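Q: Quick note, the sequence shown lines up with residues 25 to 77 if you use our numbering.
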Amino acid sequence: MFEFLSNNQLYIVLIIVIIIWIGLFWYLLNTERKLSKIESKFQKMLNNKVNEK
Numbered sequence: 025m026f027e028f029l030s031n032n033q034l035y036i037v038l039i040i041v042i043i044i045w046i047g048l049f050w051y052l053l054n055t056e057r058k059l060s061k062i063e064s065k066f067q068k069m070l071n072n073k074v075n076e077k
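Printed below as a string of structure tokens:
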């Protein structure tokens with residue numbers, strides 16, 4: 025196992041970096057979805073207040 029890791033260091037680092045990038049992409053997508061939901065709720069609240077006046 026140690027020999028495999030020492031012979032393929034570049035691939036191990038590449039895999040770790042790809043996993044980190046995928047995690048960041050997933051986090052940003054989830055944050056964008058949540059932000060979109062909050063924005064739509066906020067717009068509905070603003071529209072309701074404007075309609076009440």
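Every residue, glycine too, gets a C-beta built ideally from N, C-alpha and C.
In this text, all values refer to a predicted model and were calculated from it rather than measured experimentally.
1. Report whether the distance from the Cβ of isoleucine 46 to the nearest heavy atom of the ligand GTP is below 8 Å.
2. Under a CB-based cut-off of 9 Å, is serine 64 close to chain C?
3. To the nearest angstrom, how far is the alpha carbon of asparagine 75 from that of lysine 58?
A: Inspection of the coordinates gives the following:
1. With respect to the ligand GTP, the structure offers nothing, as it holds no ligand at all.
2. The structure shown contains no chain C; it holds only a single protein chain.
3. The residue given as residue 75 occupies position 51 in the sequence shown. The residue given as residue 58 occupies position 34 in the sequence shown. Spanning the two alpha carbons is a distance of roughly 26 Å.
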